[in-house]
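Here the structure comes first, spelled out in structure tokens, and everything after it is commentary.
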Amino acid sequence: MTVITLTILLFALGIGTSLTFVSSHWLLAWMGLEISTLAILPLMAQHHHPRAVEAATKYFLIQATAAAVLLFASTTNAWISGHWDIQQTSHPLPLTLATLALALKIGIAPLHSWQPEVLQGLGLNTGIIMATWQKLAPFAILTQIQTPNSLLLITLGIASIFIGGWGGLNQTQLRKVLGYSSIAHLGWMVLVLQYSRPLALLALLLYIIVTYATFTLFNLQSVTSVKSLFALGAKNPILTTLLPFLLLSLASLPPLTGFLAKLLILKELTKQGLAPTAALAILGTLLSAFFYVRLSVATALTLAPNTMTSTAPWRLPSLRLTLPLSISTALAVALLPLTPTLLALLTY
Numbered sequence: 001m002t003v004i005t006l007t008i009l010l011f012a013l014g015i016g017t018s019l020t021f022v023s024s025h026w027l028l029a030w031m032g033l034e035i036s037t038l039a040i041l042p043l044m045a046q047h048h049h050p051r052a053v054e055a056a057t058k059y060f061l062i063q064a065t066a067a068a069v070l071l072f073a074s075t076t077n078a079w080i081s082g083h084w085d086i087q088q089t090s091h092p093l094p095l096t097l098a099t100l101a102l103a104l105k106i107g108i109a110p111l112h113s114w115q116p117e118v119l120q121g122l123g124l125n126t127g128i129i130m131a132t133w134q135k136l137a138p139f140a141i142l143t144q145i146q147t148p149n150s151l152l153l154i155t156l157g158i159a160s161i162f163i164g165g166w167g168g169l170n171q172t173q174l175r176k177v178l179g180y181s182s183i184a185h186l187g188w189m190v191l192v193l194q195y196s197r198p199l200a201l202l203a204l205l206l207y208i209i210v211t212y213a214t215f216t217l218f219n220l221q222s223v224t225s226v227k228s229l230f231a232l233g234a235k236n237p238i239l240t241t242l243l244p245f246l247l248l249s250l251a252s253l254p255p256l257t258g259f260l261a262k263l264l265i266l267k268e269l270t271k272q273g274l275a276p277t278a279a280l281a282i283l284g285t286l287l288s289a290f291f292y293v294r295l296s297v298a299t300a301l302t303l304a305p306n307t308m309t310s311t312a313p314w315r316l317p318s319l320r321l322t323l324p325l326s327i328s329t330a331l332a333v334a335l336l337p338l339t340p341t342l343l344a345l346l347t348y
């Protein structure tokens with residue numbers, strides 16, 4: 001893919017997401033979603049590998065289905081209420097249809113099964129966009145149509161936390177693990193969405209930072225499976241030291257950044273009188289924490305089963321840009337001390 005083509009596609013991706021951000025009209029928001037979907041499809045299939053083509057085809061079919069349901073929901077809302085304003089969607093039928101369509105678009109359980117399979121067929125560079133940027137536009141619409149006391153959102157959130165943790169337990173491919181990790185983290189965001197929009201957006205931002213750092217580290221070392229983590233210590237000891245911190249941050253263990261969002265969400269759920277829901281969410285997170293700890297053990301405490309006979313890779317100069325990895329890793333590990341500041345901002 002040429003530089004001009006790549007620039008045009010990335011520009012279209014940004015335009016589509018930005019159009020959805022600034023739209024209060026259903027048709028404009030829907031148009032922005034479709035522009036971003038059509039822009040990422042060539043990026044997904046750029047390697048002309050059967051798995052990449054299959055992933056792009058699956059993604060297109062899923063997104064087209066979700067777009068059709070979303071358009072039907074917005075049309076039904078206009079027919080019932082006489083307007084196209086997103087924030088004025090209050091009738092139960094279009095509200096439920098739109099919520100489920102957006103859940104299908106971003107991969108919230110039980111409409112999640114496409115996401116790990118699609119991520120597995122993509123390269124790590126495109127996987128970063130799929131796991132982070134493509135969540136922004138549907139989530140922006142979801143923040144506008146949510147209504148108080150929505151049992152649907154609570155059900156989707158708890159189901160995502162448990163299915164995301166359960167699905168990642170027996171995986172050997174890192175992209176599938178990160179796919180199920182995305183499902184579990186989205187469950188936490190959806191769970192608190194109706195009670196605190198700023199807190200849900202903060203959780204999304206922290207998830208994007210930690211996931212971006214993890215994907216970038218895997219991409220820098222071309223690591224795609226759990227088995228390849230065993231030899232990572234021989235290839236690059238410094239990155240091998242950093243990776244467990246990123247994985248444990250995804251597991252939301254203190255004192256790392258990932259713990260910040262979960263702590264604030266649990267505080268908000270308890271304040272809303274949903275202590276049993278918060279307890280269920282914690283139990284579901286234990287499943288996710290298990291496979292993150294398993295990956296950390298495979299990275300830091302396990303040696304490769306054979307001796308490498310090639311030239312030591314860490315002695316060769318790296319030609320890849322490592323500044324984004326350095327910044328994102330620092331943010332993914334050390335933001336927890338800012339908790340009082342964020343609490344003050346969320347309160348006022």
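For the sequence shown, full-length UniProt numbering gives the first residue as 1, with consecutive numbering after it.
By construction, the Cβ of each residue, glycine as well, lies at the ideal position given by its N, Cα and C atoms.
Euclidean distance between Cα positions of residue i and residue j
{"i": "residue 258", "j": "residue 246", "result": "9 Å"}
{"i": "residue 249", "j": "residue 256", "result": "5 Å"}
{"i": "residue 253", "j": "residue 288", "result": "11 Å"}
{"i": "residue 223", "j": "residue 104", "result": "29 Å"}
{"i": "residue 169", "j": "residue 291", "result": "6 Å"}
{"i": "residue 219", "j": "residue 75", "result": "42 Å"}
{"i": "residue 412", "j": "residue 178", "result": "Given a span of 1 to 348 for the chain in the structure shown, any question on residue 412 remains unanswerable."}
{"i": "residue 153", "j": "residue 166", "result": "20 Å"}
{"i": "residue 216", "j": "residue 160", "result": "25 Å"}
{"i": "residue 278", "j": "residue 269", "result": "6 Å"}
{"i": "residue 196", "j": "residue 234", "result": "45 Å"}
{"i": "residue 341", "j": "residue 230", "result": "39 Å"}
{"i": "residue 299", "j": "residue 244", "result": "7 Å"}
{"i": "residue 39", "j": "residue 276", "result": "42 Å"}
{"i": "residue 14", "j": "residue 274", "result": "37 Å"}
{"i": "residue 323", "j": "residue 329", "result": "10 Å"}
{"i": "residue 260", "j": "residue 339", "result": "7 Å"}
{"i": "residue 41", "j": "residue 211", "result": "21 Å"}
{"i": "residue 51", "j": "residue 293", "result": "29 Å"}
{"i": "residue 125", "j": "residue 267", "result": "35 Å"}
{"i": "residue 72", "j": "residue 1", "result": "36 Å"}
{"i": "residue 32", "j": "residue 150", "result": "26 Å"}
{"i": "residue 264", "j": "residue 119", "result": "29 Å"}
{"i": "residue 284", "j": "residue 16", "result": "34 Å"}
{"i": "residue 46", "j": "residue 27", "result": "30 Å"}
{"i": "residue 180", "j": "residue 163", "result": "8 Å"}
{"i": "residue 226", "j": "residue 172", "result": "5 Å"}
{"i": "residue 144", "j": "residue 121", "result": "32 Å"}
{"i": "residue 194", "j": "residue 142", "result": "10 Å"}
{"i": "residue 49", "j": "residue 202", "result": "36 Å"}
{"i": "residue 55", "j": "residue 190", "result": "26 Å"}
{"i": "residue 133", "j": "residue 37", "result": "11 Å"}
{"i": "residue 53", "j": "residue 130", "result": "15 Å"}
For residue i, the residue or residues it bridges with in DSSP
{"i": "residue 25", "result": "85"}
Buried or exposed (CB count within 10 angstroms, at least 16 for buried), residue i
{"i": "residue 175", "result": "buried"}
{"i": "residue 101", "result": "buried"}
{"i": "residue 11", "result": "exposed"}
{"i": "residue 77", "result": "buried"}
{"i": "residue 68", "result": "exposed"}
{"i": "residue 29", "result": "buried"}
{"i": "residue 192", "result": "buried"}
{"i": "residue 282", "result": "exposed"}
{"i": "residue 296", "result": "buried"}
{"i": "residue 325", "result": "buried"}
{"i": "residue 327", "result": "exposed"}
{"i": "residue 24", "result": "exposed"}
{"i": "residue 271", "result": "exposed"}
{"i": "residue 344", "result": "exposed"}
{"i": "residue 87", "result": "exposed"}
{"i": "residue 3", "result": "exposed"}
{"i": "residue 5", "result": "exposed"}
{"i": "residue 8", "result": "exposed"}
{"i": "residue 156", "result": "buried"}
{"i": "residue 96", "result": "exposed"}
{"i": "residue 70", "result": "buried"}
### Message
Can you confirm whether the segment 11-25 touches the segment 58-65 when touching is taken to mean that 3 or more C-beta pairs between the two stretches lie within less than 8 Å?
### Response
no
### Query
When the Cβ atoms of the segment 76-83 are set against those of the segment 103-122, are three or more pairs found closer than 8 Å?
At 8 Å Cβ cutoff, the stretches do not touch.
### Message
List, from N- to C-terminal side, the alpha helix (DSSP H) runs of 4 residues or more that fit wholly inside the segment 140-228.
### Response
151-167, 174-193 and 197-221
### Query
Per the contact definition of three or more C-beta pairs closer than 8 Å, is the segment 86-95 in contact with the segment 119-139?
With a cut-off of 8 Å, the segment 86-95 and the segment 119-139 do not count as touching, because too few Cβ pairs lie within range.
### Message
With a threshold of 8 Å, are at least 3 pairs of Cβ atoms found where one atom belongs to the segment 197-211 and the other to the segment 327-338?
### Response
yes
### Message
Can you confirm whether the segment 183-193 touches the segment 232-239 when touching is taken to mean that 3 or more C-beta pairs between the two stretches lie within less than 8 Å?
### Response
Short answer: they don't touch.
### Query
What are the complete alpha helix (DSSP H) segments, minimum 4 residues, inside the segment 257-302?
258-271 and 275-300
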